[in-house]
Amino acid sequence: MTVFSTLTPLALIAIVIVGVLCIFYAVLIHGKDPYHKILRKVGFNETQVHIGNVCFNYAQGPNHGPALLLLHAQHMDWYSYSRVLPELSKSFHIYVLDYHGHGKTHAPVASMNANQMGEDIAQFIETVIQEPVFISGNSSGGILTAWLAANKPMYVKAIVLEDPALLSSEYPRVLNTIADRSFAICDQFIKDNEEDFLIYWIGKCRDFFKRYVGVDVGPMLQFMVRLYRHYHEGQPVEIIFLPTTVRLMMRGMDYYDPHFGQGFHVGSWNKDFDHKDALRRIKAPTLLLHANYEITEEGVLNGALDQDDVAMIQPCVPNIHTKRIDSNHVIHLDHPDTYIQNLKDFFLNQP
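Per the UniProt record's numbering, the very first residue in the sequence shown carries number 1; after that it's consecutive.
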C-alpha cells in the first residue's frame with residue numbers, strides 16, 4: 001500500500017493542482033526564450049548610442065556581408081526579429097534598431113512623428129553604420145523605411161516593405177482600421193493619467209486575447225505580468241506560455257510609449273508627411289511584401305494594406321516588385337523562412 005492509496009479523491013486532486021501550479025510558477029519565473037542564447041552564440045550584442053536628443057538601443061550582429069538595417073513593427077522591439085537573425089547574419093552585417101517609443105530607446109515625446117524619426121534614424125545610419133544600407137521595415141517600420149528611401153536616398157541601397165501601414169495609417173483614414181483600437185487605447189491611457197500601460201492595455205484588449213490565444217486570459221495575464229516583473233526587475237516581460245507572436249508583442253508593449261500610438265489616433269504622427277508623395281520619390285529598388293487582411297462587416301480594415309492600397313502604391317514607385325504572402329501581419333514571425341528567403345533573394349542580387 002502506498003501513501004497515495006490512503007488519500008481521498010479530493011486530496012489527490014488537490015495534490016495534482018498544487019503540483020501543476022508549482023510547475024507553472026517555475027516555468028513562468030525561470031523559463032527563457034531560447035533565442036536569447038542562440039543570438040549571443042552567433043555574435044549579437046545589444047548596445048546604446050546617443051544621436052541628438054535620442055538614446056537609441058540596438059542590436060548588432062557579426063560582419064558577414066553588406067549592412068542591413070531592420071525596423072520592427074509598432075508595439076514590438078528589436079527582439080521580434082530573433083527568429084530570423086541567426087540565418088540572415090550569415091549573409092549580412094545586421095543592425096536591429098529600437099526606434100522612438102519602443103524597447104530601451106529613449107526619445108522625447110515631441111520627436112514621435114515620421115519626419116523627426118526619419119531624420120534621427122538617418123543620423124543613426126550616418127553615425128553608427130557609416131555606409132549605405134539595405135533596409136527592411138515592418139508595419140510602422142515599413143513607413144519609416146519608405147520615408148528614408150524618399151528623403152535620404154544617399155543612405156539607402158534597396159528596401160523591403162514588410163506589410164507596411166502605408167496610406168491606411170494616414171489621418172483620418174486610420175480611424176477606420178483595427179489598429180486604431182489600440183491607438184485609441186493609447187490616447188485614453190494618457191488622458192486617464194494612468195501609469196502602467198501594459199496592464200492597462202491587457203485590460204482593454206480582452207477580445208484580442210480571445211482571438212489570438214483562444215480564451216480570455218486578461219486577468220490571469222495581468223497577474224503573470226506582475227509576478228514576472230517582481231522576479232525580473234528591469235527586464236522586459238516575456239510570458240513563455242503565450243504564442244510566439246503574442247509573447248513578443250507583450251514584450252514590446254512592456255517598454256512601449258503610448259504617445260507613439262496616440263500620434264496615429266490624433267493625426268500628429270504623419271503630419272506634413274504625405275505617403276503618396278514620398279512613394280513617388282523612391283528611386284531605390286523596392287520589394288513590397290503584402291500579408292493577409294480582411295474587411296470586417298462594419299467596413300473596418302483588419303490589416304496594414306488592402307488590395308486597393310497595393311494598386312495605388314505600385315504605380316508610384318518606378319522600381320517595385322510586389323509579392324502576396326499568405327501570412328499574418330508580422331511575416332518574419334509567422335513565416336520566418338519565407339521572409340529570410342525573400343530578403344536574401346532580393347538584396348543579394350542587387351548590383
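C-beta: ideal position from N, C-alpha, C; glycine also.
Could you give the first and the last residue of the continuous alpha helix (DSSP H) run that contains residue i?
i      : result
Cys316 : Element bounds for Cys316: n/a, residue is neither H nor E.
Thr47  : Note, Thr47: premise wrong, no alpha helix (DSSP H); beta strand (DSSP E) at 45-51.
Cys186 : 179-191
Ile338 : At residue 338 the sequence reads Thr, which differs from the Ile that was named. Unbroken alpha helix (DSSP H) run through Thr338: 336-347.
Val42  : 35-42
Tyr200 : 197-204
Sort out for me which residues DSSP pairs residue i with in a bridge.
i      : result
Pro135 : Correcting the residue type first, residue 135 is Ile in the shown sequence and not Pro. Per DSSP, Leu69, Ile159.
Arg173 : None; Arg173 has no bridge partner.
Thr322 : Leu288
Cys55  : His50, His106
Leu85  : Partner(s): none; Leu85 has no beta bridge.
Gln74  : According to DSSP, Gln74 bridges with nothing at all.
Leu301 : Thr177, Ile295
Gln60  : Asn45, Tyr95
Assign residue i to buried or exposed, taking buried as 16 or more other Cβ atoms, counted over all protein chains shown, within 10 Å of its Cβ.
i           : result
Arg211      : exposed
Phe197      : buried
Pro351      : exposed
residue 352 : There is simply no residue 352 to check, as the chain begins at 1 and stops at 351 in what is shown.
His329      : buried
Gly118      : buried
Glu298      : exposed
Thr47       : exposed
Ala311      : exposed
Arg226      : exposed
Gly234      : exposed
Ala11       : With a pLDDT of 45 at Ala11, under the threshold of 50, the predicted position of this residue should be treated as unreliable, and no value is reported.
Val49       : exposed
Tyr25       : Only weak support exists for where Tyr25 lies, its pLDDT of 45 falling under 50; the coordinates are left without a value.
Phe183      : buried
Thr296      : exposed
Asp348      : First, the amino acid is wrong: residue 348 is Leu here, not Asp. Looking at its Cβ environment, which holds fewer than 16 other Cβ atoms inside 10 Å, Leu348 is exposed.
His265      : buried
Asp207      : exposed
Pro285      : buried
Asn53       : exposed
Asp345      : exposed
residue 352 : Nothing can be reported for residue 352: it is not among the residues displayed for the chain, which extend from 1 to 351.
Lys157      : buried
I'd like to confirm something about residue i: is its beta-carbon nearer than 8 Å to some heavy atom of the ligand NAD, or not?
i      : result
Tyr293 : Although the ligand NAD was asked about, the structure shown includes no ligands whatsoever.
Can you give me the start and stop residues for the beta strand (DSSP E) that residue i sits inside?
i      : result
Ala146 : Not the beta strand (DSSP E): Ala146 falls in the alpha helix (DSSP H), residues 140-151.
Can you give the beta carbon distance from residue i to residue j, rounded, assuming they're within the 8 Å contact cut?
i           : j      : result
Ala146      : Ala278 : 6 Å
Leu85       : Gly61  : 6 Å
Pro258      : Phe189 : 5 Å
Ile331      : Glu162 : 6 Å
Tyr79       : Glu126 : Wrong, their Cβ atoms sit about 25 Å apart, outside the cutoff.
Ala165      : Ala304 : 5 Å
residue 359 : Gln116 : Residue numbering for the chain in the displayed model covers 1 to 351; residue 359 lies beyond these limits and cannot be assessed.
Leu167      : Asp272 : Not really, about 16 Å apart at Cβ, beyond 8 Å.
For chain D, check one thing: does any of its Cβ atoms lie closer than 9 Å to the Cβ of residue i?
i     : result
Val42 : Protein chain content of the structure displayed is limited to a single chain, and chain D is not contained in it.
- Item | Continuous alpha helix (DSSP H) assignments of at least 4 residues falling wholly in the stretch 87-125 | With a minimum length of 4 residues, the continuous alpha helix (DSSP H) runs that stay inside the stretch 87-125 are 114-124.
- Item | Whole alpha helix (DSSP H) elements within the stretch 230-296, 4-residue minimum | Inside the stretch 230-296, DSSP marks whole alpha helix (DSSP H) runs of 4 or more residues at positions 244-255, 258-266, 275-280, from first to last along the chain.
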